[in-house]
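So the structure is just underneath, and the comments pick up after that.
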Amino acid sequence: MPHRTGTRLWQALAGYFGTGPDLPQRPLEPAALRREYERRRWMVFLSVTFGYGFFYLCRLSFSMAKKPMLDAGVLSESEMGYAGSVMLLVYSLGRFTNGVLADRANIRRFVSLGLLGSALAHLLLGWTRGAVFFSVLWAVNGWFQSMGSAPCIVSLTQWFSASERGTRYGLWSIAHGIGEGLSFLLTSMAVAAWGWQWGFFCPGLFCLLVSFVLLRTLMDRPLTYGLPRVDVYRDDPEREATPEGGAGQRAQQWAVLRNWRVWVLGLSGALIYITRYGINNWGSLYLQEARGYSGVEAGTLLAVQAVLGLLGSSLSGWISDRFFGARRNMLCLVMGVMLVAGMTLLWLAPPGQRWLDTLALSLVGLSLGGLVVYLGGLMAADIVPQQATGTAMGLVGLLCYLGAAVQDGVSGELIGQGRRAFSGAAAYHEVMMFWVAAAALAVLLTIAVQKQRR
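If you number the sequence shown the way our numbering does, the last residue is 1481 and the count never jumps.
Right under this line is the structure:
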């Protein structure tokens, strides 16, 4: 009996969160079809863009609360690093699992549940004190966070055709900057005004509201509404990318896992994410202790980086589509060099030079914005079949966030050792070297891949 009950529960959940059945195509006149299709496309695009931005509000909250939590003795540097590593490890596994599930999911319900769960976890995090309980809740938050990215990209591939996908993907990626900017500004002000607990309460309340909005505005696949596939609607056939023997969706998904190019892109992304999450998770603490800024000033500088990230994200896909025929490699290399230059300047520039710090973080934001678009998903989506996009995104996300998870643990240890031995900027030399080296290795790997392609 318990087995049957469990089976029925699983079937009920699969039925609720699974994609709906294809409906017969509605007999609409061309003008009416266009109005209906475009209305839904805009709702999908705006929902995945702004909705995913709020996922980031609940992902970076911890980074803005670290300094007051350290001062209050809530957690040590090492405990913070381990909590961050556990969260990102769970997130990376969830990215892969939920990426595979997203290929068969009702995106509207799936993504809304993820943001709701993350919001509820945050409302509990503000009450925690012990490192173990905090780490468990932060890991739970990581799992729900993993229900955002890959499903949003699957939704984009369902509603936007191959020739426009790079532009839309790049514009969607401004969600990173929107969420990061909101988190750095709003969370730092909430923490400064009311204490570290509100670094979790404030994002949780915002995301709780937005999760119910997404449940009304996101969409399932076009065929479930009696509309044609987007490649038929746009008369824009998918680029040939079906692997040999991949007639069915399951075979295509397995073929993605055997595609060495996807693995190389994931490894490059892992190195970039070491640098990215080094800045996102520890940048506020670095700016306060090594560069002498207040919490709000550090949040403002990081918000500048996020705004430049918006520019890099929004233009990267369009530029590569418009001027490079959807070839992303050269721009990826250029942005990698910019990232190394910006990180080196942030590390070695003398303290007290705000314009140099602003310039450095601007270079970091602009380059990371584009690199997250390319290595975080678009280049992988370009080389796999549409029906296996979620699997490719899940695999790339798994590797990227494994890199981020390793980063948080290593960074916490390096910062803890540095703070015990030195004060000021000297305490952060080793961790900055770690972040810069990861970015440089990613650039070298990009060069190697370019030579292989030739």
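The beta carbon of each residue, even a glycine, is placed where N, CA and C say it ideally should be.
Where does the unbroken alpha helix (DSSP H) through residue i begin, and where does it stop?
{"i": "residue 1424", "result": "1416-1448"}
{"i": "residue 1491", "result": "Since the first residue of the chain shown is 1028 and the last is 1481, residue 1491 is not available in this structure."}
{"i": "residue 1063", "result": "1057-1084"}
{"i": "residue 1380", "result": "Run containing residue 1380: none; DSSP gives neither H nor E here."}
{"i": "residue 1182", "result": "1176-1186"}
{"i": "residue 1215", "result": "1215-1221"}
{"i": "residue 1369", "result": "1356-1375"}
{"i": "residue 1089", "result": "1088-1098"}
{"i": "residue 1206", "result": "1201-1209"}
So, is residue i buried or exposed, given that buried needs 16 or more other C-beta atoms within 10 angstroms?
{"i": "residue 1471", "result": "exposed"}
{"i": "residue 1300", "result": "buried"}
{"i": "residue 1098", "result": "exposed"}
{"i": "residue 1357", "result": "exposed"}
{"i": "residue 1054", "result": "exposed"}
{"i": "residue 1154", "result": "exposed"}
{"i": "residue 1081", "result": "buried"}
{"i": "residue 1056", "result": "exposed"}
{"i": "residue 1287", "result": "exposed"}
{"i": "residue 1223", "result": "buried"}
{"i": "residue 1192", "result": "buried"}
{"i": "residue 1159", "result": "exposed"}
{"i": "residue 1316", "result": "buried"}
{"i": "residue 1207", "result": "buried"}
{"i": "residue 1454", "result": "buried"}
{"i": "residue 1264", "result": "exposed"}
{"i": "residue 1065", "result": "exposed"}
{"i": "residue 1277", "result": "exposed"}
{"i": "residue 1247", "result": "buried"}
{"i": "residue 1084", "result": "buried"}
{"i": "residue 1342", "result": "buried"}
{"i": "residue 1448", "result": "exposed"}
{"i": "residue 1257", "result": "buried"}
{"i": "residue 1108", "result": "buried"}
{"i": "residue 1394", "result": "buried"}
{"i": "residue 1038", "result": "exposed"}
Taking DSSP as the reference, what is the three-state secondary structure of residue i?
{"i": "residue 1271", "result": "With a pLDDT of only 41 at residue 1271, under the threshold of 50, the placement of this residue in the model should not be trusted, and no figure is reported."}
{"i": "residue 1132", "result": "strand"}
{"i": "residue 1310", "result": "helix"}
{"i": "residue 1045", "result": "strand"}
{"i": "residue 1254", "result": "coil"}
{"i": "residue 1243", "result": "helix"}
{"i": "residue 1262", "result": "coil"}
{"i": "residue 1050", "result": "coil"}
{"i": "residue 1155", "result": "coil"}
{"i": "residue 1279", "result": "helix"}
{"i": "residue 1412", "result": "coil"}
{"i": "residue 1145", "result": "helix"}
{"i": "residue 1303", "result": "helix"}
{"i": "residue 1320", "result": "coil"}
{"i": "residue 1103", "result": "coil"}
{"i": "residue 1286", "result": "coil"}
{"i": "residue 1248", "result": "coil"}
{"i": "residue 1463", "result": "helix"}
{"i": "residue 1224", "result": "coil"}
In its own chain, which residues sit with a C-beta less than 6 Å from the C-beta of residue i, not counting the 5 before and 5 after it?
{"i": "residue 1104", "result": "1439, 1442, 1443"}
{"i": "residue 1273", "result": "Per-residue confidence for residue 1273 stands at a pLDDT of 42, beneath the threshold of 50, marking its modelled position as unreliable; the derived number appears in the next sentence. Contacts found: 1279, 1282."}
{"i": "residue 1329", "result": "1211, 1310"}
{"i": "residue 1407", "result": "1289, 1292, 1419, 1423"}
{"i": "residue 1374", "result": "1459"}
{"i": "residue 1169", "result": "1114, 1117, 1118"}
{"i": "residue 1086", "result": "1172"}
{"i": "residue 1202", "result": "1076, 1079, 1080"}
{"i": "residue 1326", "result": "1211, 1212, 1215"}
{"i": "residue 1112", "result": "1432, 1435, 1436"}
{"i": "residue 1383", "result": "1376"}
Excluding five sequence neighbours on each side, which residues of the same chain lie with their C-beta closer than 7 Å to the C-beta of residue i?
{"i": "residue 1385", "result": "1328, 1331"}
{"i": "residue 1295", "result": "1402, 1469, 1472, 1473"}
{"i": "residue 1487", "result": "Examination of residue 1487 is not possible in this model, given that the chain is present from 1028 through 1481 alone."}
{"i": "residue 1122", "result": "1173, 1176, 1177, 1421, 1424, 1425, 1428"}
{"i": "residue 1270", "result": "Here residue 1270 scores only 44 on pLDDT, less than 50, and its place in the model is too uncertain to base an answer on."}
{"i": "residue 1319", "result": "1378, 1379"}
{"i": "residue 1364", "result": "1470"}
{"i": "residue 1181", "result": "1129, 1130, 1134, 1416, 1417"}
For chain D, check one thing: does any of its Cβ atoms lie closer than 8 Å to the Cβ of residue i?
{"i": "residue 1390", "result": "Absent from the structure: chain D. Only one protein chain is present."}
Closer than 7 Å to a non-hydrogen atom of the ligand ZN - does that hold for the CB of residue i?
{"i": "residue 1285", "result": "Here there are no bound small molecules, and the ligand ZN is not part of this structure."}
So, do the region 1216-1232 and the region 1043-1062 have three or more beta carbon pairs nearer to each other than 8 Å?
-> The region 1216-1232 vs the region 1043-1062: no contact.
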